[in-house]
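Single-structure report; data block below.
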Amino acid sequence: MHYLSFVTVLWAFSFSLIGVYLAGQVDSWFAAFSRVAIALLVFLPFTKLTDVKPQIAVKLMAIGAIQIGLMYGFYYHSFLYLSVPEVLLFTVMTPVYITVISDLLERRMRLHHLFVALIATSGAITIRYAELNEDFWFGLMLVQGANICFALGQVLYKRLLATEQLPAQHTCFGFFFFGALIITGLSYIILGNENKLPTTQLQWGILIYLGLVASGLGYFLWNKGATLVSVGTLAVMNNVLIPAGVIVNIVIWNKNAELTSLLIGSSIICVALLLNFMFEKNAANKETASH
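Written as structure tokens, this is what we have:
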């Protein structure tokens with residue numbers, strides 16, 4: 001879980017950086033494309049084409065196309081209709097999608113994972129902010145599209161590593177970003193606005209940070225961490241990002257927030273994480289006893 005916790009800190013800044021400095025100023029598709037392109041450059045030196053089977057490379061590209069390529073399309077555009085806190089708040093359904101998708105693929109329903117995800121979701125919902133604007137419903141749908149893509153990608157990556165023999169992850173993760181690059185590149189060519197490219201050093205600096213650190217390092221460590229924890233823990237950690245992102249937004253960008261709600265919501269999320277550990281420990285003990 002150390003990987004997931006570390007990336008949570010990295011990503012806590014991404015929401016505000018995008019919402020404050022890029023949304024409405026830099027074309028969303030260009031921002032997504034440049035972020036993925038920079039992340040791909042990070043992994044190109046480590047990518048070993050001869051060590052990766054073609055079918056594995058295709059699967060990694062497909063996962064990247066979904067988890068980042070399509071997700072970024074929904075995610076970046078949501079900031080045009082919602083505030084940073086609203087975008088953060090509406091990501092609460094990601095853990096529910098993770099548990100449901102995982103259970104559907106495995107053709108079983110593990111209720112304790114869904115239970116934990118729902119508790120974490122209730123905690124995140126407790127963190128409420130400004131009144132919803134007139135674009136609420138469209139923005140909400142955009143965020144849910146991003147949530148589903150992000151959840152599906154995580155589950156598929158976790159299953160891929162559990163069922164296939166892969167070389168060291170850093171030697172094949174470039175295919176993940178290449179799949180995302182195809183989607184974001186084509187989307188920018190078709191839908192992008194070349195009149196809204198970055199115009200300041202700050203905007204370029206943020207795009208470079210998002211590509212090198214938040215995406216390049218962040219997604220690799222997050223997906224690696226996802227393979228080392230249970231589905232329930234992964235679901236909860238997706239919602240820990242919400243209070244983390246909100247705290248960053250409050251402290252650095254001086255957004256007004258109801259601190260009482262933030263503390264209560266964060267506490268509920270922590271309880272969900274603790275409950276999941278208890279469920280997992282009991283399940284492990286029962287499995288050990290059965291042997």
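Under UniProt numbering, the first residue of the sequence shown is numbered 1, with each subsequent residue one higher.
Beta carbons: idealized from backbone N, C-alpha and C, even for Gly.
Taking only three categories from DSSP, how would you classify residue i?
i, result
"P167", "coil"
"D103", "helix"
"Y81", "coil"
"D135", "coil"
"R108", "coil"
"S122", "helix"
"M1", "coil"
"V52", "coil"
"R128", "Its pLDDT being 46, under 50, R128 is placed unreliably in this model, and the value from its coordinates should be taken loosely. Residue state, collapsed to three classes: coil."
"G19", "helix"
"Q67", "helix"
"F173", "coil"
"G192", "coil"
"P198", "coil"
"V143", "helix"
"G185", "helix"
Is there at least one non-hydrogen atom of the ligand SAH closer than 6 Å to the beta-carbon of residue i?
i, result
"G245", "What this structure holds is no ligand at all, so the ligand SAH is not there to describe."
Ignore the nearest five residues each way along the sequence and tell me which others in residue i's own chain have a CB closer than 7 Å to its CB.
i, result
"F6", "L221"
"L234", "I98, Q154 and A226"
"A62", "G179"
"G192", "D27, W29 and F30"
Leaving out the 5 sequence neighbours to the left and right, which residues in its chain are closer than 6 Å to residue i when beta-carbon positions are compared?
i, result
"F46", "H170 and T171"
"Y219", "none"
What distance in whole Å lies between the Cβ atoms of residue j and residue i, which are believed to be in contact at a cut-off of 8 Å?
i, j, result
"Y21", "I183", "Their Cβ separation, rounded to whole angstroms, is 24 Å, which puts Y21 and I183 out of contact at 8 Å."
Can you list, in chain order, the residues of its chain whose CB lies under 8 Å from that of residue i, leaving out five sequence neighbours each side?
i, result
"L197", "V26, D27 and F30"
"K224", "Y3 and Q169"
"E164", "I56 and K59"
Touch test, the stretch 237–251 against the stretch 175–182, Cβ-Cβ under 8 Å, three pairs minimum: no
The stretch 56–74 contacting the stretch 150–161, beta-carbon criterion three pairs below 8 Å: yes
Three-pair Cβ contact test at 8 Å for the stretch 89–98 versus the stretch 112–123: yes
Any 3 or more C-beta pairs closer than 8 Å across the stretch 102–115 and the stretch 36–53: no
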